[in-house]
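Going down the list, the protein sequences come from chains Y and C. Position in the first sequence (from 1) plus 37 gives the number in our numbering. Position in the second sequence (from 1) plus 120 gives the number in our numbering. C-beta: ideal position from N, C-alpha, C; glycine also. Keep in mind it's a predicted model, so treat the numbers as computed, not measured. Report on one structure; see the data block that follows.
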Amino acid sequence: MAEYKWPEESKRKYIGKRISRLDGPDKVSGRAKYTFDINRPGMLFGKVLRSPHAHAKIVSIDTSAAESMPGVKGVRIIQGPGTEIQWAMDEIALVAAVDEGTAEDAARAIKVKYEVLPHVVNERELASVPAANRRPPTEQTKGDPAAAFSGAEVIVEDVYGNDVITHCCLETHGLVTEWPGANNVLLHQSTQSISSNGGEMARALQLPAGSVEVKMDHIGGGFGSKFPVDRWGVEATKLSKQLGGAPIKLMLERDAELTVAGTRPSAYAKVKVGAKKDGTLVAWESESWGSGGVAGTGMPPYPYVWQFANQKTRHHSISTNNGPQRAWRAPNHPQACLVTMGALEDLAAKIGMDPLDFVLKNIEMTGVRANVYRDELLKGAEMIEWKKIWRPRGQGGVGSTSTVKRGLGLSLHTWGGGGHASDCDLTVHPDGSVEIKIGSQDLGTGTRTTIQIVVAESLAVPREMVKVHLGSNKYPPSGSSGGSTTIGGVSASSRRASIDALNLLLEKVAPTLGTTADKLEAVDGKIQVIGDPTKSMTWKQACAKLGTQPITTRGKNPGRENLTSAGVGGVQMADVSVDIETGIIRMNNFIAVQDCGLIIDMKTAESQVFGAMIMGVTFSLYEEKIMDDQTGRMLNPNMEFYRLAGLADIGNFKVHMMTGKGYDERGPIGLGEPPTVSPGAAISNAVANAIGVRVSTLPLTPDRVLAALARKGGQAS
Amino acid sequence: MSSSDERRDEAEKPVVSRRNFLKGTGVAGVALTIPLAPGAEAQAGVAGVTVIGPERSKITLNVNGTPRALEVEPRVTLLDALRNDLDVTGAKRVCDRATCGACSVILDGKLVYGCSVLAIEAQGRKIETVESLASNGQLHPVQKAFVDNDAQQCGFCTPGFVMACKSLLDHHPEPSADDIRLGLGGNLCRCGTYVGIKAAVAQAATEMKKTRTKGGRRNG
């Protein structure tokens, strides 16, 4: 009989190998259909009229001109007179028309009168935020920080932070919605939450949960911003019903995507941190603030990873008239990491220690993963040649010139990433083919591929025999893909379903092989007597014994025997060059050392890390949601001024995944979030090391670099 | 001017206006084909210039070797005509203003942004989309290299990158680092697949060279 536990390394045929993603050929050939690509018979196009004001009360709305336009099929008011709008580009009304141009014309023809109210859209300077926009601060103290600071020999005090950024999914949020019958809805939605969106939409429409079908084969990015059905989705579905159920496609325009479809909140903190001259950390104090829109935002976990016996934190949640925050890869961690690791780097510099030595000296303060971090730091230092290139702050690393300074920076991070609840149905057919149905979604992380690997490995059949079906809420429910919870959930449920199915098959064929199921195993496409390959039958022969009745098993997570765990550690090191005349930063090398338990597919796992690092370069150097104080609107809701890194911006990247003893036995742990956490801190620290002064706030744009140099009294003109 | 030379111009002028881009593609008479009020059209009527619109017009587009008839307003872009009217959805709409390259298609052998060419301007021209690259079920070497090197995650930028890579290698069979930087500088990815893309370009260049030396370039 087969067991649930993951196979030993020597017995793995697919798990942990470098396997190309299953849906790669569809994606490179344009065959992969995304929600944006869905065209339905008789489909109408939806367009939304949005508020030009960041804060205003709606006085009146006149839709008559829009409704009478040829080609316009319906207009629906989303927020009516009397409503107070809290951020620019919030939805006012929705139009459905026969084509996009007509729908746009009609949305423009709607006349809205507003009573404009005062707004606040920027919060970088705490002192300039009006009192009305500040929530009462929260404060927490541990130990006796005041006494500890009095015993500190070196203290650093500075401000660190990052501005609001957006998710900027390449496929904008949206859906195609229709009513195939009077009481049931079909949604094609770009979502990270295929299994729960049907119920969510049904609740909004007061329909039974099972009456909304949701489908999605591929998604063009989510990053935490695509969990809900969203008000615009509900409104489009209601408008479809008004129009006899006709399909309506509503995909957000790029400016709306960047303005209202999710942000990562800002985070700023005035930090005081102290140590002994020998580098022993003693105390932490921070006063922080930030905003994720009208609802403000909670405090990131300061100090991050490092557990101080004596610490005090104080946090101000700021309410601003900005589109609301949504989960953004590793919510709160990149901000907390930047602030903490930035302050520690500055402290090391003030003491005169190499930050690598400083971090290693205090590593026990990181708690349970201290040994993982130590191993990763040493590996990373070797990969980036830390000791060869690093020079004390401001001296410029090896290869610096009079105007171009090189620097190294490091950071470390953690994340949970335990598996979510996941159900799946696995069927072994009498012809030997295998199918698995699971209400999950593949965000481009390789979920399809990893499920196929787990099933093929568990049944010892070629991968090609396993067909993976996901992307429908008609399949057994599996969790949302967020918080790096998918791999643990789907790998565990598909492993259990596979092993259960295999054991049923072994029981079926045991009499033919003249033995009992507990004496049989599946190896290389055969069922054989354990230790005696001469007594065997092929997988196909075995499955033929099923007659006409396939085996179907339900796999679950959580379930019997724990197959996944939570909690990983990672280290990143950046090597940058900074032109002190222009303020332009170039990435030379960037390395990541990452743990994620048992790796199912090395190729897509590495891609996750590379991707997170590239996204990290982007938010460290370029990304900023620039809000205009005068108009209350975003100034760069487009892709030329909301800048993403291009292929030439990234430098040389290397990734090392921690595997083997100490890692594999923990089972698969999620990888989407952790490597996104450290880039800001590592790159910011590298820049500080290069130019001898901290650029306090991300993104590290040339103007900020020059301003920091000017403050230092440096070479900037 | 080769397509990658064109990208080179763009790279040097980071802010490319749609108008400049349209000029860059060599499309004549852009201003005259922008829909105008009926009165204005008559005034703009210049001998030898066909006035189209503003109402829907019947046009034929040569898409991947097949003539496709459709009716579009003059303001409809080639990208939207492909996607909304012809259900050819490989090219993606992302920025919709000539920044990200997700809509890249090849027009008369030149790489263009489909969001910045009007459908009516593409009449009589050879339009190649990502759907045309694979032949007889075999992936083009560029496509295969993208799969092999995992040069994709969500995959939404991938069709545009594949077309840009194909164009790059068609014009620069042995691309230098600068050729790659400039040839692919007009495409953006959010998931961060550039490490894989760089490796894919190298693999595809090697494979395409082998094919050429065996005689007969495939897929133009």
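Buried or exposed by the 16-neighbour rule on C-beta atoms within 10 Å, applied to residue i
i, result
"V169 (chain C)", "exposed"
"G391 (chain Y)", "Note that residue 391 (chain Y) corresponds to Asp in the displayed sequence, not to Gly. The residue is buried, with at least 16 neighbouring Cβ atoms inside 10 Å."
"K150 (chain Y)", "exposed"
"D740 (chain Y)", "exposed"
"L672 (chain Y)", "exposed"
"S165 (chain Y)", "exposed"
"K212 (chain C)", "buried"
"R310 (chain C)", "buried"
"V225 (chain C)", "buried"
"T203 (chain Y)", "buried"
"V192 (chain C)", "buried"
"R680 (chain Y)", "buried"
"G519 (chain Y)", "buried"
Sequence-distant residues of the same chain with beta carbon closer than 7 Å to residue i, five excluded per side
i, result
"P302 (chain Y)", "V201, G327, S328, G329, T334, Q362"
"A324 (chain C)", "P261, V262, A265, C285, L289"
"G404 (chain Y)", "Q344"
"K334 (chain C)", "none"
"P371 (chain Y)", "T713, V714, G717"
"N159 (chain Y)", "M664, D666"
Coarse secondary structure for residue i, derived from DSSP in three states
i, result
"S535 (chain Y)", "helix"
"R443 (chain Y)", "strand"
"A629 (chain Y)", "strand"
"H210 (chain Y)", "coil"
"V560 (chain Y)", "strand"
"E290 (chain Y)", "coil"
"G340 (chain C)", "With a pLDDT of 39 at G340 (chain C), under the threshold of 50, the predicted position of this residue should be treated as unreliable, though the coordinate-derived value follows. In the structure shown, G340 (chain C) sits in coil (DSSP, three-state: anything other than H, G, I, E or B)."
"Y410 (chain Y)", "helix"
"T16 (chain Y)", "It is not possible to answer for residue 16 (chain Y), since the shown part of chain Y is limited to 38 through 754."
"A283 (chain Y)", "coil"
"D268 (chain C)", "helix"
"M610 (chain Y)", "strand"
"F656 (chain Y)", "helix"
Between the CA atoms of residue j and residue i - distance to the nearest angstrom
i, j, result
"E137 (chain Y)", "A144 (chain Y)", "11 Å"
"Q243 (chain C)", "T523 (chain Y)", "47 Å"
"R87 (chain Y)", "I355 (chain Y)", "24 Å"
"T571 (chain Y)", "Q565 (chain Y)", "8 Å"
"E598 (chain Y)", "K42 (chain Y)", "7 Å"
"P736 (chain Y)", "A320 (chain Y)", "28 Å"
"T186 (chain C)", "M502 (chain Y)", "36 Å"
"L181 (chain C)", "V135 (chain Y)", "21 Å"
"N221 (chain Y)", "G236 (chain Y)", "12 Å"
"W427 (chain Y)", "G444 (chain Y)", "7 Å"
"P429 (chain Y)", "K387 (chain Y)", "10 Å"
"S66 (chain Y)", "E208 (chain Y)", "17 Å"
"T484 (chain Y)", "E710 (chain Y)", "15 Å"
"V492 (chain Y)", "D60 (chain Y)", "16 Å"
Spatial neighbours of residue i in its chain, beta-carbon cut-off 8 Å, leaving aside the 5 residues before and after
i, result
"E272 (chain Y)", "R113, I115, E128, L131"
"A306 (chain Y)", "V196, Y197, G198, S323, E324, S325, W326, Y339, V376"
"P62 (chain Y)", "R68"
"D228 (chain C)", "R245, K246"
"A189 (chain Y)", "G311, A312, K313, V319, A320"
"V267 (chain C)", "L259"
Check: residue i C-beta below 7 Å from any heavy atom of the ligand FAD
i, result
"V608 (chain Y)", "With respect to the ligand FAD, the structure offers nothing, as it holds no ligand at all."
6 Å CB neighbourhood of residue i in its chain, flanking five on each side removed
i, result
"V250 (chain C)", "G210, P279, V282, M283"
"D254 (chain Y)", "K70, G508"
"E327 (chain C)", "P261"
"V147 (chain C)", "Note on V147 (chain C): pLDDT 43, under 50, position unreliable in the model; no value is reported."
"T553 (chain Y)", "A547"
"V441 (chain Y)", "S614, D616"
Any chain B beta carbon closer than 8 Å to residue i
i, result
"E137 (chain Y)", "As a matter of chain content, chain B is missing from the structure shown, whose protein chains are Y and C."
Legend entry - Residues of the region 108-132 of chain Y whose Cβ lies closer than 7 Å to any Cβ of chain C, in chain order: Listed by position, the residues of the region 108-132 of chain Y near chain C (Cβ gap below 7 Å) amount to none.
Inset, instruction - Mind checking the region 254-266 of chain C against chain Y and listing, in chain order, the residues whose C-beta falls within less than 7 Å of any C-beta there? - result: If the cut-off is 7 Å between Cβ atoms, the region 254-266 of chain C has A254, L259, Q263, F266 near chain Y.
Legend entry - Chain-ordered residues of the region 284-314 of chain Y with a beta carbon less than 7 Å from chain C: Answer in chain order: R291.
Legend entry - Residues from the region 426-448 of chain Y in contact with chain C, defined by Cβ distance under 9 Å: Cβ contacts with chain C: none found.
Inset, instruction - Could you please tell me which residues of the region 646-666 of chain Y, in chain order, have their CB closer than 9 Å to any CB of chain C? - result: Using a CB distance below 9 Å, the part of the region 646-666 of chain Y facing chain C consists of F647, G648, A649, M650, I651, M652, G653, V654, T655, ordered along the chain.
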